[in-house]
Every structure is written in C-alpha cells, then in structure tokens.
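> Numbering (the numbering used here), first residue to last: 1 to 348.
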C-alpha cells in the first residue's frame, strides 16, 4: 500500500528541485534583456522577502512566533542573511559567463564540503566514507572543468566564481547549523553525549532554524515555533545588503528602469525559484524528513542540465557527464554516511 503522506512529500521535493533548477534559466533570460547579476539578485530577494513576510503575517502561529523571538535570535538571523549574499553573488555572477549546467554541477559539491567542515565545527563523522565522497567530488569537478571544449572555455574569473560559490555556501550552512544550536559532537537542543559516544548530526534538528517558509519547522531554541519568521528575517538581511549594493553601484532597481523583457525572468526567479521552491521543499521535508529530502534533491543538477539543454541549447561533453555522475555519487555517499546528514539550506 502506498504511503500517501510520503508520496506527497517526495513529489513536493521533486517539484522544488525542478523549481530551484530553473533559477539559472530565469537569470540568464534577464541577463539577455540587459540586467546584470546584481540587479537580478536585488529583485529576486526583494520579491522573496515580500512573499516571505506575507506568509508570516498571514498565519497566526507565525505571527505569534515572530512576537516571541528574542533579540538574540533576530540579530543573528539578519546577519546570516547578510552573509548569504556571498554565495548568491558568486553563483549568479558566474552564470553571466559560465553555462548553467556546469555551474550547477560545481555548486552541488557543497554537501560534501559541509560533511568535511563538520569534522571541525559540527557533529563527528564516522569512518572513511566522507573522505571517499570528497575524492569523488574533487575528481568529478575536475572532469567537469577539464571536459569543457577548447572553443567554449569561459573566462577564468567566471570559473573562479563558480568554484567559490559552494565553498562560501558550505561555510554559510555550518554557521546556520551552529545558530540552530549544533556544536561539535552535540545536536541542537540536546545535551552533550557521554564521553566516548560520537555525536550524530540529525538533519531534522540541524535544519530547524534555516528552513525558509517551512510550515512545521521550528525556530532554533524555541520548540514548537514555526521557522517562517527566521526565514523572513534571513531573506530580509540578504535583501537589504543586495539592495544597498545595487544602489551604490547605480543598478536599475526602480520598476520603471527595468527593461520589459527582463520581467518574466525576475518574476520567475522571485516567485518560482525563491518563494514557491522553498515552500515546496520544506513542506516535503516535513513529510519525509530532511535526510530523505536531501537524497531526493540530489536530482537538482540533473534538472538544471535538462532544462539548460532544452531551453538554452547547452550541452555537456561525455567527460563532463562522467564528472557530473561522480559529483552526484559523492553527494549520495556524503548524505548517507552515519552522522553526516548535512544541514539543508535552500536559498541559493
């Protein structure tokens, strides 16, 4: 008999992965209309923040959770949102010169990097599997880069940004997990384990504070409170920094200054890739758990490659496809290693 709740959860995570994967396509559409990455991000996070706050204010439990939040929770959430600009900026700046399919493959080494960072800053890892995952991820990324046809090599700066993005993202995830209460060898909200008993990183616990627009998730340290207020605050921090950068750089942020041809991409990345994708992901996570959602979401780069091939005319070489397979295999190993269910933060 089919578990209806689980089936719905899987379907929601699959749909979310496809929505996230469409982000580069929406961005490139706006780039072709004359906007740059900073303008696109300014509108993306403005739309996302507005919709996030609308969701918070529309639900009584979310409003109550917001009122109950202390300043020691509000300020770190805003700061984490500001820090997230580093990931979003490197990824979408890279997309100006790097194919969406290649950028997605390189970004997706972040779960492996998070698992390794957890050795020092999070719960302890078990066995050699994380190191195998790292080796596969590095080999896969090398093949993905080395397999670029000689006549289509993007600028070095674009490739450097594409490589920097997962590194920044991994640090961001570790910081959000610590905000949730995770410490080395200890889960969020749990006492330290007995000496000699390795702590195990619970994905459900580690992600409680960083689930944007999630319905049943919890605010860190405040059991039973939805995480939507935390997400709204994080998005507000991101939005504030990006808007400030756009104003200083003289980018078009007023509606009248935005080319008409850019609006479909801006609305798509703000509504589909930011608001709806996040909501679907965490509604699915609530039904199947964060660890299983992580495994299902491994198909995100596959969605990106498929969409980029269908709508942008991009294609990976056979060598790059092998590299992509190694990256995805590395993610699966990292996610299924005991004690390494990497925290999931879906705002990229």
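By construction, the Cβ of each residue, glycine as well, lies at the ideal position given by its N, Cα and C atoms.
Output yes or no for whether 8 Å exceeds the beta carbon distance between residue 23 and residue 269.
Within the chain shown, residue 23 is the residue found at index 23, counting from 1. Within the chain shown, residue 269 is the residue found at index 269, counting from 1. In this structure, residue 269 lies closer than 8 Å to residue 23 by Cβ.
> Using only the alpha-carbon positions, how far apart do residue 12 and residue 38 sit?
Here residue 12 refers to the residue found at position 12 when the chain shown is read from its first residue. Here residue 38 refers to the residue found at position 38 when the chain shown is read from its first residue. Going by the C-alpha atoms only, they are around 30 Å apart.
> Starting from residue 59 and walking both ways along the alpha helix (DSSP H), at which residues does that stretch end?
Taking the chain shown and counting its residues from 1, one reaches residue 59 at position 59. Residue 59 -> no alpha helix (DSSP H), and no H or E assigned at all.
> Would a C-beta distance cut-off of 8 Å place residue 233 and residue 100 closer than the cut-off?
In the chain shown, residue 233 corresponds to position 233, counting from 1. In the chain shown, residue 100 corresponds to position 100, counting from 1. No.
> Does the Cβ-Cβ distance between residue 95 and residue 103 come in under 8 Å?
In the chain shown, residue 95 corresponds to position 95, counting from 1. In the chain shown, residue 103 corresponds to position 103, counting from 1. Yes; because the gap between Cβ atoms is below 8 Å, this pair is in contact.
> Using 8 Å as the Cβ pair cut-off and three pairs as the minimum, do the segment 38 to 55 and the segment 286 to 306 touch?
No contact exists between the segment 38 to 55 and the segment 286 to 306.
> What residue range does the alpha helix (DSSP H) around residue 154 cover?
Start at 1 with the first residue of the chain shown, and residue 154 comes out as number 154. Per DSSP, residue 154 belongs to no alpha helix (DSSP H) and is neither H nor E.
> According to DSSP, simplified to helix, strand and coil, what is residue 5?
What you label residue 5 is simply residue 5 of the chain shown in a count that begins at 1. Reduced to three states, the DSSP call for residue 5 is helix.
> Within this structure, are the beta carbons of residue 84 and residue 238 separated by less than 8 Å?
One-based indexing of the chain shown puts residue 84 at position 84. One-based indexing of the chain shown puts residue 238 at position 238. Yes; because the gap between Cβ atoms is below 8 Å, this pair is in contact.
> So residue 65 and residue 229 are supposed to be a Cβ contact under 8 Å. How far apart are they, rounded?
The residue given as residue 65 occupies position 65 in the chain shown. The residue given as residue 229 occupies position 229 in the chain shown. Confirmed, Cβ separation roughly 5 Å.
> Can you give the beta carbon distance from residue 106 to residue 166, rounded, assuming they're within the 8 Å contact cut?
In the chain shown, counting from the first residue as 1, residue 106 sits at position 106. In the chain shown, counting from the first residue as 1, residue 166 sits at position 166. Contact holds; Cβ gap of about 6 Å.
> Just reading off the alpha helix (DSSP H) that residue 26 is part of, what are its end residues?
The count along the chain shown starts at 1 and reaches residue 26 at position 26. Where residue 26 is concerned, the enclosing alpha helix (DSSP H) stretches over 23 to 32.
> Determine, using beta carbons only, whether residue 19 and residue 277 come nearer to each other than 8 Å.
Residue mapping note: residue 19 aligns to position 19 of the chain shown, counting from 1. Residue mapping note: residue 277 aligns to position 277 of the chain shown, counting from 1. Yes, the pair counts as a contact, with Cβ atoms nearer than the cut-off.
> Assuming residue 259 contacts residue 34 (C-beta within less than 8 Å), just tell me the rounded distance between them.
Translated into the one-based positions of the chain shown, residue 259 becomes position 259. Translated into the one-based positions of the chain shown, residue 34 becomes position 34. 5 Å between Cβ atoms; contact.
> Only counting the same chain, and skipping five residues up and downstream in sequence, which positions put a Cβ closer than 7 Å to that of residue 250?
Along the chain shown, one-based indexing puts residue 250 at 250. Taken in chain order, the list of residues that qualify is empty.
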